[in-house]
Structures are given as C-alpha cells and as structure tokens.
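Asker: One structure, pasted below without further comment.
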Amino acid sequence: LSLLKMLAWLLFLIIFSLQLISSGRYEQREDFAVVIQPFFRNTLLPLDSMGKPDMSFFAADCIHFSVRGYAEMAMALWNNMLEPVGEKQTYNNFTYDRSKLRCPNPEKPFLSTGRNSGFGNSDLSLEETESSVPYWTVIVTAVAGVLVGSLLGWVVSRRRTKKHQRKADTENNIKITSL
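Residue 2 is where the sequence shown starts when you use the numbering used here, and the numbers rise one by one after that.
This is the structure in structure tokens:
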C-alpha cells in the first residue's frame, strides 16, 4: 500500500469512529459510554526555565513521551475523566505536580459521562437501545485503529531508515570515488 492509501484508510477509520461516537447510539446505555477526553486539544509544549522546550518530558527520539511525560498525560486523562461533559479541560498543564491529581467527589463518585453530566434523555430503557449497535463493532473499530496506527508508525520508521541508509550510501560513494 502506498502511504497516501494508508492515510486515506486511516482518515476513513477516524471519521467512521467519530460518526459512531456522535450518532447517539451509546448515550442511553447504562453499562457503556463513549466520552471524548479533550485534555490534549490546546496543549502547549512544556518549556524549561530558559524558555526552551523541556526535553525531560520526551524520550530520546524526541517524538514519544518519557516516563515523566506519560505520567503527566495519565494525570491529565484521569482528571479529564472526572470532569463533567461540557466542562472538561482542553489543555495539559505540564507541571509535574502530583497534587493536581484529583479524586472522585463523594457526591459524584463515578467517571463523568454525558448521561450523568445531565445530557441526554434518561427516560429510554436499556432494551430500546441495546440492539442499536452490536458490541463487537466497538472492539473491531478499536483493534483496526491500533493496527492502522501501528502500520503507519512502521511505514514512517521504515521510510526514515531507508532515507538515512541512502544518505549514508551516498556519502560512502563520494568518499570512495574521491580516493
């Protein structure tokens, strides 16, 4: 597959997933909810005391998060899941401060969903919504997303490796021909 075809397929899966989420099929379920967590939408790159990007949040490849970065993302995701729908924080404050980790409120001890945040009609029974989407479609969509993401990562890594290999081969050829 060409990179363009893979990107088109990835875009299709993303659009399909978003349509499935926004279709309302899961809004009345008692046992399942899909809630978008926007904690990373407006995040800015963390800066150090010199005003430069704080590389302690990133792994050696400068793309993936380090343990510190993953800890920040996990705290932001957890806090986002406790915030009511419509009031969720859309940025991550990279402070590495454990005190910002929230605990469930005794009045609302559950993760926030559209239903328990006051959105949607709670008069519908579970029987009316149960057959709207088979449970396996969510699993298939999630697995497909992981596979496509992994494939895309592999292709990008492979292309980058080939590019560096060609550059090294070209440099070696120049050195050999100049002798």
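Quick reminder that beta carbons are idealized off the backbone N, C-alpha and C, glycines included. This one's a predicted model, so the numbers in the text were calculated from it and none came from an experiment.
Taking just the CA atoms, how far does residue 102 sit from residue 96?
Answerer: For the purposes of this step, residue 96 is identified with residue 95 of the sequence shown, where counting begins at 1. For the purposes of this step, residue 102 is identified with residue 101 of the sequence shown, where counting begins at 1. Rounded to whole angstroms, residue 96 to residue 102 spans 11 Å at the Cα level.
Asker: Take the Cβ of residue 92 as the centre, count every other Cβ of all protein chains shown within 10 Å, and call the residue buried at 16 or more, exposed below.
Answerer: Indexing the sequence shown from 1 puts residue 92 at position 91. Flag for residue 92 reads exposed.
Asker: Can you find the residues in the same chain that come closer than 6 Å, C-beta to C-beta, to residue 44, ignoring five residues on each side of it along the sequence?
Answerer: Here residue 44 refers to the residue found at position 43 of the sequence shown. Correct list, in chain order: 92 and 93.
Asker: Should residue 20 be labelled buried (16 or more other beta-carbon atoms within 10 Å of its own) or exposed?
Answerer: For this step, residue 20 is matched to residue 19 along the sequence shown. When all chains shown are included, residue 20 counts as exposed.
Asker: I believe residue 82 touches residue 113 by the beta-carbon criterion, under 8 Å. Please report the beta-carbon distance rounded to the nearest angstrom.
Answerer: On the sequence shown, position 81 is the one that residue 82 refers to. On the sequence shown, position 112 is the one that residue 113 refers to. With 8 Å as the limit, residue 82 and residue 113 qualify as a contact, their Cβ atoms being about 7 Å apart.
Asker: With distances taken Cα to Cα, identify the nearest neighbour of residue 63 among 143, 47 and 51.
Answerer: Locating residue 63 in the sequence shown gives position 62, counting from the first residue. Checked all of 143, 47 and 51; the closest Cα to residue 63 is 47.
Asker: Hey, how far is the Cα of residue 65 from the Cα of residue 59?
Answerer: Within the sequence shown, the letter at position 64 stands for residue 65. Within the sequence shown, the letter at position 58 stands for residue 59. About 6 Å.
Asker: Taking C-alpha atoms, which residue in 74, 106, 168 and 153 lies nearest to residue 5?
Answerer: As a first step, residue 5 must be located in the sequence shown, where it is residue number 4. Taking only the C-alpha atoms, the option nearest residue 5 is 153.
Asker: Does DSSP put residue 124 in a helix, in a strand, or in coil?
Answerer: For the purposes of this step, residue 124 is identified with residue 123 of the sequence shown, where counting begins at 1. For residue 124, the predicted structure reports a pLDDT of 45, less than 50, and the residue's modelled location is therefore unreliable. A value from the coordinates is still provided. Of the three classes helix, strand and coil, the one that applies to residue 124 here is coil, per DSSP.
Asker: In angstroms with no decimal places, state the Cα-to-Cα distance between residue 162 and residue 16.
Answerer: By one-based count along the sequence shown, residue 162 stands at place 161. By one-based count along the sequence shown, residue 16 stands at place 15. Using only the alpha carbons, I get a separation of about 30 Å.
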